[in-house]
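S.K.: Questions regarding the structure given below will be posed in turn.
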Amino acid sequence: MSSRYRLTSVETVHDEGSWLFTIRDEHGAREEVVLVPCESGVEAWVNRCTHEDQRLHREGDGATIRDSGIVCPRHGSIFDRCSGACDNGEAAGTTLPSVDVTVEDGQVYLTDEDVDYLGTGGVDDDDEGGPSSTSHLQL
Numbered sequence: 430m431s432s433r434y435r436l437t438s439v440e441t442v443h444d445e446g447s448w449l450f451t452i453r454d455e456h457g458a459r460e461e462v463v464l465v466p467c468e469s470g471v472e473a474w475v476n477r478c479t480h481e482d483q484r485l486h487r488e489g490d491g492a493t494i495r496d497s498g499i500v501c502p503r504h505g506s507i508f509d510r511c512s513g514a515c516d517n518g519e520a521a522g523t524t525l526p527s528v529d530v531t532v533e534d535g536q537v538y539l540t541d542e543d544v545d546y547l548g549t550g551g552v553d554d555d556d557e558g559g560p561s562s563t564s565h566l567q568l
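Just add 429 to the spot in the sequence shown (first one is 1) and you have the working numbering.
Here it is in structure tokens:
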């Protein structure tokens with residue numbers, strides 16, 4: 430699986446409030462990942478509430494960020510942007526699954542050894558049912 434891929438800039442994530450991309454996990458499943466601003470730069474979380482399969486970042490709307498948390502649009506549970514932990518609502522006591530990213534010189538790189546980068550945006554962003562990507566062959 431890939432070891433390093435440039436995603437975007439820290440400035441873009443901070444300006445937009447969140448930034449979405451898609452990966453293939455170690456089991457071959459497509460997963461959306463949301464980058465969110467954090468005091469240390471950015472953090473990357475699997476883009477779904479731990480309570481139900483509800484996207485936290487929605488195309489066109491982005492993720493709803495309040496104070497230091499990512500708000501689940503369905504039940505209002507709030508996940509800490511920097512730790513992924515939730516202490517309220519239906520998802521209380523859970524933590525969002527993380528994806529490893531590294532920041533160097535203001536750029537964000539996917540560095541998770543267990544995943545492959547598929548493209549910018551979400552799983553359902555094109556007619557093929559997956560993200561567009563010029564770095565991978567599509568059959």
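Where is the CB? At the ideal position from N, CA and C, for every residue including glycine.
Go to T524, then tell me how far its alpha helix (DSSP H) extends in each direction, as first and last residue.
M.R.: Segment: none, T524 is in no alpha helix (DSSP H) and carries neither H nor E.
S.K.: Identify the residues that DSSP records as bridge partners of V462: which are they?
M.R.: DSSP output for V462 lists F450, V475 as bridge partner(s).
S.K.: By the DSSP assignment, the alpha helix (DSSP H) with Y509 in it spans what residues?
M.R.: As written in the sequence, residue 509 is Asp, which differs from the Tyr given in the question. Note, D509: premise wrong, no alpha helix (DSSP H); beta strand (DSSP E) at 507-509.
S.K.: Per DSSP, which residues does R487 bridge with? Please list them.
M.R.: R487 pairs with G491.
S.K.: When you compare only the Cα positions, how much space is there between E533 and T524?
M.R.: Each residue's alpha carbon lies about 26 Å from the other.
S.K.: So L436 and L464 are in contact, right, with Cβ under 8 Å, and what is the actual spacing, rounded?
M.R.: Confirmed, about 7 Å.
S.K.: Any chance the stretch 451-458 sits against the stretch 493-512, with 3 or more Cβ pairs inside 8 Å?
M.R.: No, the stretch 451-458 does not touch the stretch 493-512.
S.K.: If you drop the 5 nearest sequence neighbours on each side, which residues of the same chain put their C-beta closer than 7 Å to that of Y538?
M.R.: Within the same chain, Y538 has close Cβ partners R433, Y434, R435, L436, V530, T531.
S.K.: Out of S497, E519, E472, state which residue places its alpha-carbon closest to the alpha-carbon of E481.
M.R.: Checked all of S497, E519, E472; the closest Cα to E481 is E519.
S.K.: If I measure Cβ to Cβ from V442 and keep anything under 6 Å in the same chain, skipping five residues before and after, which residues do I get?
M.R.: Closer than 6 Å at the Cβ level, and outside the excluded window around V442, lie W448, L464, P466, V471.
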